[in-house]
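Peer 1: One structure, pasted below without further comment.
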Amino acid sequence: MSLRRALPVGTLLLLALSLTSCGASSAPVASGPAPSPAPSPSPTPTATPTAVPSPTPAPGPSASPTAVAPAPSPTPVPGGSATVVSRGNAARRMVALTFDAGADTGYAARILDILRANGIRASFGITGRWAEQNPDLVRRMVAEGHHLINHTYSHDSFTGRSTGRPPMTQAQRWQELDRTEEIVQRLTGASTKPYFRPPYGDYDASVNADVYARGYTYNVMWTVDSWGWRGIPAQEIVQRCLSLAEPGAIYIFHVGSASQDALALQAIIDGLRRAGYSFGTVPEVIAP
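To convert, note that position 142 of the sequence shown is 145 in the numbering used here; the numbers rise steadily by one, no gaps.
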């Protein structure tokens, strides 16, 4: 992921032409999942970064956030498979900010404050365990119009690819989803269906089939990873997120204290708005 006999000359020419036509792509938007390991502890930042000039798409007409009707939730049918979404509607200059919450409480409250101050609704991929530990923050997310994605209960890999463990069984996967859904409904009255985000970005065909059978028809991946979980400084996060902006982009950030995503957030919002982008939840950004 050798031939011993000589191949005909024509075949060799075709192979050479095929190889020379292959090239590396820049930022895949529908590629296989990139592992998203849990952030490791890093020094707590003390200052909010200031956005610096960086390559951004040419500004288009000024765009203000507008409410877009969420995409209808398909009814699960036996034998179906979740649709992998790594980018939204490229015909609109709108992007989705998504935040995974599965480690510590971190900067969740600060992120919510920034989003509220800027009039932005975002999507949060929350684990059931995090929701149990931070019920008031989950209630606040829903009360302020944010969208929730089922990020499983324990944040264990469904495939085992990033953890080195055997893949979960279908029953174990369903338990992870159902437990989180029950917690979210009990706390907020809202549902995470039909949106699922795999821990570490690990998924395969069996995962898509299993989550679909439980009512999760969208596997929400991303277009731009901030890399905050890698411990890079806020200034680099800002530059990276602005330089990779494109219509319909789905950004992934983390709320945990090991990431400086929260410290970079205001500068990212300012830069994207200067480039003519508006903001929406995942359902709004992927809507036709």
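In this text, a Cβ means the ideal position worked out from N, Cα and C, and glycines have one as well.
Helix, strand or coil for S89? Go by DSSP, reduced to three states.
Peer 2: Numbered from its first residue, the sequence shown carries residue 89 at position 86. DSSP places S89 in coil when its eight states are reduced to three.
Peer 1: Assuming T191 and V141 form a contact by the criterion Cβ under 8 angstroms, report the distance between their Cβ atoms to the nearest whole angstrom.
Peer 2: The sequence position of residue 191 within the sequence shown is 188, counting from 1. The sequence position of residue 141 within the sequence shown is 138, counting from 1. Going by Cβ atoms, the distance from T191 to V141 rounds to 6 angstroms, so yes, they are a contact pair.
Peer 1: Looking at the strands, I want to know which residues DSSP matches up with V187.
Peer 2: In the sequence shown, counting from the first residue as 1, residue 187 sits at position 184. For V187, which the question treats as bridged, DSSP gives no partner whatsoever.
Peer 1: Output needed for A193: all residues of its chain with C-beta closer than 7 angstroms, excluding positions within five of it in sequence on either side, in chain order.
Peer 2: Position 190 of the sequence shown, counting from 1, holds the residue named residue 193. The answer, listed in chain order, is V145, L151, V187.
Peer 1: Use the C-beta contact count for P291: other C-beta atoms within 10 angstroms, 16 or more gives buried, fewer gives exposed.
Peer 2: In the sequence shown, the residue the question calls residue 291 occupies position 288. P291 comes out exposed.
Peer 1: Let me know the secondary structure DSSP gives Y215 once reduced to three states.
Peer 2: Residue mapping note: residue 215 aligns to position 212 of the sequence shown, counting from 1. Y215: helix per DSSP, three-state reduction.
Peer 1: Please report the Cβ distance between T220 and A85, rounded to the nearest whole angstrom; I am assuming they are in contact, meaning their Cβ atoms lie under 8 angstroms.
Peer 2: The sequence position of residue 220 within the sequence shown is 217, counting from 1. The sequence position of residue 85 within the sequence shown is 82, counting from 1. Yes, T220 and A85 are in contact; Cβ-Cβ is about 6 angstroms, under 8 angstroms.
Peer 1: Pick helix, strand or coil for G128, following the three-state DSSP scheme.
Peer 2: The residue given as residue 128 occupies position 125 in the sequence shown. Of the three classes helix, strand and coil, the one that applies to G128 here is strand, per DSSP.
Peer 1: Distance, Cα to Cα, S157 vs S165?
Peer 2: Taking the first residue of the sequence shown as 1, we reach residue 157 at position 154. Taking the first residue of the sequence shown as 1, we reach residue 165 at position 162. When rounded, the distance between both Cα atoms is 14 angstroms.
Peer 1: State buried or exposed for R197, treating a residue as buried only when at least 16 other CB atoms are found within 10 Å of its CB.
Peer 2: Locating residue 197 in the sequence shown gives position 194, where the first residue counts as 1. It is Pro, not Arg, that sits at residue 197 in the sequence shown. Buried: at least 16 other Cβ atoms inside 10 Å.
Peer 1: Check whether the region 260–279 touches the region 102–109, counting contact only when three or more Cβ pairs, one atom from each stretch, lie closer than 8 angstroms.
Peer 2: With the cut-off at 8 angstroms, the region 260–279 and the region 102–109 touch.
Peer 1: Comparing C-alpha positions only, which one of T130, D207, N137 sits nearest to P170?
Peer 2: The residue you call residue 170 lines up with position 167 of the sequence shown. Ranking T130, D207, N137 by Cα distance to P170 puts D207 first.
Peer 1: Please list the terminal residues of the continuous beta strand (DSSP E) segment that includes D107.
Peer 2: The residue labelled residue 107 in the question sits at position 104 within the sequence shown. Looking at the DSSP string, D107 is not in any beta strand (DSSP E), and its letter there is neither H nor E.
Peer 1: Look up N222 in the DSSP assignment and give the residues it is bridged to.
Peer 2: As a position in the sequence shown, residue 222 is number 219, starting the count at 1. Partner(s): V87, F199.
Peer 1: Is it buried or exposed for E179, if we count other Cβ within 10 angstroms and need 16 for buried?
Peer 2: As a first step, residue 179 must be located in the sequence shown, where it is residue number 176. When all chains shown are included, E179 counts as buried.
Peer 1: Which of the three DSSP states is assigned to L247 in this structure?
Peer 2: If you number the sequence shown from 1, residue 247 lands on position 244. Coil at L247, not helix or strand.
Peer 1: Assuming contact is defined by CB atoms lying nearer than 8 angstroms, are A278 and A237 in contact in what I supplied?
Peer 2: Translated into the one-based positions of the sequence shown, residue 278 becomes position 275. Translated into the one-based positions of the sequence shown, residue 237 becomes position 234. Cβ distance not < 8 angstroms, so A278 and A237 don't count as in contact.
Peer 1: Could you check if D205 is buried or exposed, using at least 16 other CB atoms within 10 Å of its CB as the buried criterion?
Peer 2: Along the sequence shown, read from residue 1 onward, the residue named residue 205 stands at position 202. Result: buried.
Peer 1: Determine the burial state of S136: buried for a count of at least 16 other Cβ atoms within 10 Å of its Cβ, exposed for fewer.
Peer 2: On the sequence shown, residue 136 is found 133 positions in, with the first residue counted as 1. The question names Ser, yet the displayed sequence has Gln at residue 136. Label assigned to Q136: exposed.
Peer 1: Please report the straight-line C-alpha distance between R176 and G128, rounded to a whole angstrom.
Peer 2: Locating residue 176 in the sequence shown gives position 173, counting from the first residue. Locating residue 128 in the sequence shown gives position 125, counting from the first residue. One C-alpha to the other measures close to 16 angstroms.
Peer 1: Would you call the CB atoms of V98 and N211 closer than 8 angstroms?
Peer 2: Along the sequence shown, read from residue 1 onward, the residue named residue 98 stands at position 95. Along the sequence shown, read from residue 1 onward, the residue named residue 211 stands at position 208. Contact: no.
Peer 1: Considering Cα atoms alone, identify which of A111, R113, G131, A267 is closest to T183.
Peer 2: For this step, residue 183 is matched to residue 180 along the sequence shown. Out of A111, R113, G131, A267, G131 has the C-alpha closest to the C-alpha of T183.
Peer 1: Tell me, to the nearest whole angstrom, how far the beta carbon of F282 is from that of I114; I am working on the premise that it is less than 8 angstroms.
Peer 2: Walking along the sequence shown from the start, residue 282 turns up at place 279. Walking along the sequence shown from the start, residue 114 turns up at place 111. Going by Cβ atoms, the distance from F282 to I114 rounds to 13 angstroms, so no, they are not a contact pair.
Peer 1: When you compare only the Cα positions, how much space is there between A111 and I271?
Peer 2: Here residue 111 is taken as the residue at index 108 of the sequence shown, counted from 1. Here residue 271 is taken as the residue at index 268 of the sequence shown, counted from 1. Cα to Cα, A111 sits roughly 17 angstroms from I271.
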